[in-house]
Amino acid sequence: MLYFGEQELAAILLSLKVAIWATFLSLPFAIWVAFLLVRRRFWGRAVLNALVHLPLILPPVVTGYLLLMLFGRAGFAGQFLNDYFGITIAFQWTGAVLAAAIMAFPLVVRAVRLSIEQINPDLEHAALTLGARPITVFLTITLPMALPGIVVGGILGFAKALGEFGATITFVGNIPNQTQTIPSAIYGFLQMPGKDQGVLTLVYVSIVISVSALLLSEWLARRVQKRMHGQ
Amino acid sequence: MTLSVYIRHQFSGFNLDITFDAGSGVTALFGRSGAGKSTIAQAISGAFSPVEGQIVLNDDVLFSSDQRVNRPAHRRGIGYVFQQDLLFPHFSVRSNLEYAFRYGRRDTDTSKLPAMLEILGIDHLLHRRPAGLSGGERQRVAIARALLSNPLLLVMDEPLSALDDPRKAEIFPYIERLRDHSKIPVLYISHSVSEIARLADHVVAIEDGRVIKTGSAADVFADPNIVPQLGLQLAGALLTATIEKHEDDGLTKLQSASGPIYLPRLDSEIGQTLRVHVLAQDVMLSTLKPENISALNVIQGRVSAIKFGRGPGAIVSIESSGNTILARVTRRSVQALNLEKGSNCFAIIKSVSVAPNQIGRG
């Protein structure tokens, strides 16, 4: 039957913590980037688009390795963070957040982008002609109208962050009670004899969390839709 | 108010080269679809920057390619009504109307709201959502929303074109009332000859990205040379007349400088000045005073111009006490009647040939 040992509980709590942080970390950037990609024409737009999609097409292990190169103790960004802020993120739970956020980023951008593309740009122009500043138009028209896509993107990002394995294990390792998330715990348990119960427990928990997230997103999206197009 | 517009831009296969001025009242930008009208509206409102141009509103430079000025849309003070209503779907009607007060120009004042609601007949819709309104109601709310932002100029880009004929007939009187009650000058963009004949004070006619004629509505519609652009079926001069009496047999008697005019019963009050768009193809000519005919309206005048087209037809322009009537007749009739410039002539108009949508106020 289900067995919640100290290590299992720690992995579940850490996974939730990492996924939630990663979602809220990537959402604002994803909304901003999606808006830029849909609404603005600027030099380097194609490069930005490719860069955003990189984590989706690269092997996750490669992404993890690149993160390690960049944010590890010897890495450029890692040294900078360490020297000026005294922060280390490689092999820390914060590193797991960064890895999960980056892996989730393209999915969130795509979902948000789709919903911004649905918005008639003339609506935004109409708001401008009423005298609203561009930032106000973004906050009162674009953002609320893109809300269904933002909700879907958030949930997708959360699910992706929850299941992230390759980049996470490469970047922060698999240290029980410190950087061990549900997927890396399952992987670890599978390497050891007599841990079948732990594996099964974590599998069940993963299913419950993922299905709940999906149901929640459906419910939220329906509510938002109703608010948006109700009579 | 003066708006002066100069725009030059090259699109693939299409050059825009436009210069015109607009004053107070309703200035109509007229032209067929694809003549470049909407691009002009976008350039004025700040949604589009032409390669070369200068747009000045009341000595205020909004756009100038020479001076490298390009004022952003939200600081131009130009209200915009689009072809489609474009209400914000996540706001109630009231919140849509109050958008400018809350988020837009700070100098707007809410005191105009009740009057605007009444003029446009939307006071009962305030708590509804845009999705629950009819097309005509939505467009009326969109017009009110633009006007409540207190613009210096209102640009209306084909505001009726997305509506079916009954909706157009429903909304048109509201636009006429607005023109008469609000001081805000309007640039009214349309391809509809009848809308412009009813509404415009001034007309800027555009073809293939160029201005082909500007002037007062009466002058433009009285010009036989513009007939091909208006379309043979829709060409016709504007006749100004005042309602004198509603008669018992269902007719309304109007008085014009050229004599009385009888039309099927009109809803407007006695004393109201109307403009009647008399279609050239509904006018018959005679050199003798006609007797024993069924048509009720006979206007005496002199031929001021005759324009022959490529086909068998001709447009005869008749001056009568300051009014102009255009008549579309055959070349053969022009010869048979010996019509030439200065000929004495009677224009005959059947009362029932004038439809309600050919009559505008003022």
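Residue numbers (the numbering used here), protein chains in the order written: chain P, 159 to 389; chain E, 4 to 365.
Positions of the beta carbon are idealized from the N, C-alpha and C atoms, including for glycine.
Since we're looking at a predicted model, the values are computed, not measured.
### Query
To the nearest whole angstrom, what separates the beta carbons of residue 284 of chain P and residue 177 of chain E, a pair I think is in contact under 8 Å?
For the purposes of this step, residue 284 of chain P is taken as residue 126 along the first sequence, with counting starting at 1. For the purposes of this step, residue 177 of chain E is taken as residue 174 along the second sequence, with counting starting at 1. Rounded, the Cβ-Cβ distance is 19 Å, inconsistent with contact.
### Query
Of the choices E:209, E:309, E:305, E:145, whose alpha-carbon is the least far from that of residue 281 of chain P?
If you number the first sequence from 1, residue 281 of chain P lands on position 123. The candidate whose alpha carbon is nearest that of residue 281 of chain P is E:145.
### Task
Keeping to the same chain, check which residues put their C-beta closer than 7 Å to that of residue 20 of chain E; ignore five residues upstream and five downstream.
Reading the second sequence from its first residue, position 17 is the one you call residue 20 of chain E. Excluding positions up to five away in sequence, the list reads 11, 212, 213.
### Query
Using the C-alpha atoms, what's the distance from residue 208 of chain P back to residue 192 of chain P?
Walking along the first sequence from the start, residue 192 of chain P turns up at place 34. Walking along the first sequence from the start, residue 208 of chain P turns up at place 50. One C-alpha to the other measures close to 13 Å.
### Query
Does any residue of chain E bring its CB to less than 9 Å from the CB of residue 299 of chain P?
By one-based count along the first sequence, residue 299 of chain P stands at place 141. Interface residue, yes.
### Task
Examine chain E for any beta-carbon lying closer than 9 Å to the beta-carbon of residue 295 of chain P, and answer yes or no.
Residue numbering aside, residue 295 of chain P sits at position 137 when the first sequence is read from its first letter. Interface residue, yes.
### Message
For chain E, check one thing: does any of its Cβ atoms lie closer than 9 Å to the Cβ of residue 227 of chain P?
### Response
Working through the first sequence from its first residue, we reach residue 227 of chain P at position 69. No - not a single Cβ of chain E is within 9 Å of the one on residue 227 of chain P.
### Task
Could you please give the first and the last residue of the uninterrupted alpha helix (DSSP H) stretch that includes residue 54 of chain E?
For the purposes of this step, residue 54 of chain E is identified with residue 51 of the second sequence, where counting begins at 1. Looking at the DSSP string, residue 54 of chain E is not in any alpha helix (DSSP H), and its letter there is neither H nor E.
### Top-ranked residue by Cα proximity to residue 368 of chain P, from P:342, P:205, P:315
Counting from 1 along the first sequence, the entry for residue 368 of chain P is found at position 210. Among P:342, P:205, P:315, the Cα nearest to that of residue 368 of chain P is on P:315.
### chain P contacts made by the region 69 to 98 of chain E, where a contact means CB separation under 7 Å
76, 77, 81, 82, 83, 85, 89, 91, 92, 93
### Message
Measuring alpha carbon to alpha carbon, tell me which residue in P:160, P:233, P:261 is nearest residue 180 of chain P.
### Response
Here residue 180 of chain P is taken as the residue at index 22 of the first sequence, counted from 1. The option with the nearest alpha carbon to residue 180 of chain P is P:261.
### Contact set between the region 34 to 45 of chain E and chain P, restricted to residues whose Cβ is under 7 Å from the partner
none
### Query
Do residue 327 of chain P and residue 342 of chain P come within 9 Å of each other at the CB atom, strictly closer than that value?
Along the first sequence, read from residue 1 onward, the residue named residue 342 of chain P stands at position 184. Along the first sequence, read from residue 1 onward, the residue named residue 327 of chain P stands at position 169. Their beta carbons are under 9 Å apart, which means residue 342 of chain P touches residue 327 of chain P by this criterion.
### Message
So if DSSP puts residue 205 of chain E in a beta bridge, which residue, or which two residues, is it bridged to?
### Response
Within the second sequence, the letter at position 202 stands for residue 205 of chain E. E:30, E:219, per the DSSP bridge assignment.
### Task
Look up residue 175 of chain E in the DSSP assignment and say whether it is helix, strand or coil.
By one-based count along the second sequence, residue 175 of chain E stands at place 172. DSSP places residue 175 of chain E in helix when its eight states are reduced to three.
### Query
With distances taken from CA atoms, which of P:291, P:286, P:197, P:374 is nearest residue 311 of chain P?
Taking the first residue of the first sequence as position 1, residue 311 of chain P is located at position 153. Residue 311 of chain P has its Cα closest to that of P:374, out of P:291, P:286, P:197, P:374.
### Cutoff 9 Å: residue 49 of chain E Cβ touching any chain P Cβ
The sequence position of residue 49 of chain E within the second sequence is 46, counting from 1. Closer than 9 Å: yes.
### Task
Output the distance between the C-alpha atoms of residue 303 of chain E and residue 351 of chain E, rounded to the nearest integer angstrom.
On the second sequence, position 300 is the one that residue 303 of chain E refers to. On the second sequence, position 348 is the one that residue 351 of chain E refers to. Each residue's alpha carbon lies about 9 Å from the other.
### Message
Within a Cβ cutoff of 6 Å, which residues of the same chain sit near residue 194 of chain E, ignoring the five residues on either side of it in sequence?
### Response
Residue mapping note: residue 194 of chain E aligns to position 191 of the second sequence, counting from 1. 35, 36.
#### Entry: First through last residue of the beta strand (DSSP E) which encompasses residue 271 of chain P
Residue numbering aside, residue 271 of chain P sits at position 113 when the first sequence is read from its first letter. For residue 271 of chain P, no beta strand (DSSP E) encloses it; the enclosing alpha helix (DSSP H) starts and ends at 251 to 275.
### Message
What residue range does the beta strand (DSSP E) around residue 1 of chain E cover?
### Response
With chain E represented from 4 up to 365, any question about residue 1 of chain E goes unanswered, as that position is not in the structure.
### For residue 200 of chain P: DSSP bridge partner residues
For the purposes of this step, residue 200 of chain P is identified with residue 42 of the first sequence, where counting begins at 1. In DSSP, residue 200 of chain P forms no bridge with anything.
### Query
Taking the alpha carbon of residue 339 of chain E as the point to measure from, which residue in E:290, E:187, E:358 has its own alpha carbon closest?
Looking up residue 339 of chain E in the second sequence gives position 336. For the residues E:290, E:187, E:358, the minimum Cα distance to residue 339 of chain E belongs to E:290.
### Query
Short check: CB of residue 328 of chain E to CB of residue 277 of chain E, under 9 Å?
For the purposes of this step, residue 328 of chain E is taken as residue 325 along the second sequence, with counting starting at 1. For the purposes of this step, residue 277 of chain E is taken as residue 274 along the second sequence, with counting starting at 1. No, these two residues do not count as a Cβ contact at 9 Å.
#### Entry: Nearest residue (CA-CA) to residue 197 of chain P, options E:113, E:50, E:238
One-based indexing of the first sequence puts residue 197 of chain P at position 39. Nearest option by C-alpha distance: E:50.
### Message
With a threshold of 9 Å between beta carbons, is residue 386 of chain P in contact with chain E?
### Response
Numbered from its first residue, the first sequence carries residue 386 of chain P at position 228. Yes, its Cβ sits closer than 9 Å to a Cβ of chain E.
### Task
Kindly indicate if chain E contains any beta-carbon less than 9 Å away from that of residue 356 of chain P.
By one-based count along the first sequence, residue 356 of chain P stands at place 198. Chain E, which has no Cβ nearer than 9 Å to the Cβ of residue 356 of chain P, makes this no.
### Query
Would DSSP call residue 281 of chain P helix, strand or coil?
Within the first sequence, the letter at position 123 stands for residue 281 of chain P. Assigned with DSSP and collapsed to three states, residue 281 of chain P falls in helix.
### Run of the beta strand (DSSP E) containing residue 316 of chain P, from where it starts to where it stops
The count along the first sequence starts at 1 and reaches residue 316 of chain P at position 158. Not the beta strand (DSSP E): residue 316 of chain P falls in the alpha helix (DSSP H), residues 305 to 321.
### Query
For the putative contact between residue 281 of chain E and residue 312 of chain E, defined by C-beta atoms under 8 Å, what is the C-beta separation to the nearest angstrom?
Sequence index remark: in the second sequence, residue 281 of chain E carries index 278 (1-based). Sequence index remark: in the second sequence, residue 312 of chain E carries index 309 (1-based). Residue 281 of chain E to residue 312 of chain E, Cβ: 19 Å. No contact.
### Message
Please return the same chain residues whose Cβ sits closer than 8 Å to the Cβ of residue 124 of chain E, not counting the five positions on each side in sequence.
### Response
Along the second sequence, read from residue 1 onward, the residue named residue 124 of chain E stands at position 121. Around residue 124 of chain E: 143, 177.
### Query
So the alpha helix (DSSP H) residue 144 of chain E belongs to, where does it begin and stop?
On the second sequence, residue 144 of chain E is found 141 positions in, with the first residue counted as 1. Per DSSP, residue 144 of chain E belongs to the alpha helix (DSSP H) from 138 to 151.
### Message
Going by beta-carbon coordinates alone, are residue 254 of chain E and residue 354 of chain E separated by less than 9 Å?
### Response
To locate residue 254 of chain E, count along the second sequence from 1; it is residue 251. To locate residue 354 of chain E, count along the second sequence from 1; it is residue 351. In contact: residue 254 of chain E and residue 354 of chain E (Cβ atoms closer than 9 Å).
### Task
Determine the direct distance from the alpha carbon of residue 63 of chain E to that of residue 207 of chain E, and round the result to whole angstroms.
Taking the second sequence and counting its residues from 1, one reaches residue 207 of chain E at position 204. Taking the second sequence and counting its residues from 1, one reaches residue 63 of chain E at position 60. Near 22 Å, if we compare the C-alpha coordinates of residue 63 of chain E and residue 207 of chain E.
### Query
Using 8 Å as the Cβ pair cut-off and three pairs as the minimum, do the region 287 to 295 of chain P and the region 230 to 244 of chain P touch?
In this structure the region 287 to 295 of chain P does not touch the region 230 to 244 of chain P; the number of beta carbon pairs closer than 8 Å is below three.
### Query
For the 8 Å Cβ check, are there 3 or more pairs between the region 22 to 41 of chain E and the region 186 to 206 of chain E?
yes
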